[in-house]
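Going by our numbering, the residue at position 69 of the sequence shown is 412; the numbering climbs one at a time, nothing skipped. These notes are about the structure you will find just below.
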Amino acid sequence: MKGLKDIKGIERRMSDKICIVVTSSDRRVIKTALQYARRTVTEKFMEDTKVFLFGPSEEVIAYDTELQDFLKRYMEVGKKVLACKWCSDDYGVSDRLGDLGVTVEYIGVLVSQAIREGYTPMVW
């Protein structure tokens with residue numbers, strides 16, 4: 344945790360853990376999110392990073408080979424990607440995501456748990 348001073352000069356603590364939630368259907372946003380996620384690990388920007396895929400991003404990644412490469416690069420540094428099973432089932436891409444190495448399960452509770460554990464959510 345890093346100490347920062349707020350506008351009144353009071354020191355506040357910020358979490359050194361980030362929870363990246365990718366929801367966008369814009370492939371440029373998804374690409375940037377996955378690149379940032381990987382760099383948080385390789386450059387040690389954060390103590391820990393979690394990546395969750397929700398909704399439209401799941402469908403886009405399932406069919407976009409360039410984004411799949413970015414996803415794989417993140418996983419190659421030893422990190423896991425979780426996708427929302429409800430959403431991926433709804434889009435019909437659960438098997439495709441699973442074949443890419445993504446863990447597909449109901450993740451609402453997991454995202455909430457990460458936030459309770461001090462992960463700062465960053466939604467793309």
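Just so you know, even glycine gets a beta-carbon here, dropped at the ideal spot from N, CA and C. Source: prediction; values computed, not measured.
Taking Cβ positions, are residue i and residue j nearer each other than 8 Å?
i      : j      : result
Ile363 : Ala376 : yes
Leu443 : Ser431 : no
Leu410 : Val403 : yes
Phe395 : Ile458 : no
Arg447 : Lys423 : The sequence as given places Val at residue 447; Arg does not occur at that position. It is not a contact, given that the beta carbons lie outside the stated cut-off.
Ala474 : Val436 : In the structure as shown, the chain begins at 344 and stops at 467. Residue 474 is therefore absent and cannot be evaluated.
Tyr434 : Ser358 : no
Which residues does DSSP pair with residue i in a beta bridge?
i      : result
Leu396 : Val365 and Ala426
Asp391 : Lys360
Val436 : Answer by DSSP bridge pairing: none, since Val436 is not bridged.
Can you give the Cα-Cα distance for residue i and residue j, rounded to whole angstroms?
i      : j      : result
Trp467 : Ser367 : 6 Å
Phe397 : Leu453 : 12 Å
Cys387 : Pro399 : Note on residue identity: the sequence assigns Lys, not Cys, to residue 387. Rounded to the nearest angstrom, the two C-alpha atoms are 29 Å apart.
Ser455 : Tyr379 : 22 Å
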